[in-house]
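All remarks here apply to the structure that follows.
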């Protein structure tokens, strides 16, 4: 079995962000908004070259379009609690909308979700040579568009790879303790 793939991929990524800061005697406040839009168009043309002449095979060719729009609002506050203690707290709200269109499978999958991401940092500086930090944050890991593509790609005669358009992002709660 011999084959040749012709891949045409176009990725567009747009992002904008506005941040504001308001220092005061009591604490420093900051807040902002961010939006990100990503659009990926992927076209894989499969040609069987067993006969020596490339023959287009539409059953193994794939056209997949994926778009992702993430909008976030966030705010945080930092405050010295004393000469040796520092506190910083924040909260981010995200709205994510995705759309995957497999033209080959005639399938469209839309996903939308809202999530909150808190963070807290506590720092202690007992001396000029020591600093202790304790922090917590919630994070997100989104699946790549390739993992969401429902088309079945054959690797060889016995195995194939297929994406799952219903994959959800994974979330982690991170606790960190450090000494510098």
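Residue numbers (the working numbering): 1412 to 1591. We treat Cβ as the ideally placed atom computed from N, Cα and C, and that holds for glycine. Source: prediction; values computed, not measured.
Query, Result
"Counterpart residues of residue 1552 in DSSP-defined beta bridges", "1581"
"Distance between residue 1481 and residue 1563 (C-alpha atoms, nearest Å)", "28 Å"
"Inter-residue Cα distance where the pair is residue 1454 and residue 1576", "17 Å"
"Stretch-stretch touch, CB-based, cutoff 8 Å, three pairs: the region 1503-1514 with the region 1540-1547", "no"
"Burial state of residue 1560 (16 or more Cβ within 10 Å)", "buried"
"Same chain, Cβ closer than 7 Å to residue 1524, five either side skipped, listed in chain order", "1507"
"Per-residue DSSP class, three states only, for residue 1533", "strand"
"C-beta atoms of residue 1415 and residue 1465 nearer than 8 Å", "yes"
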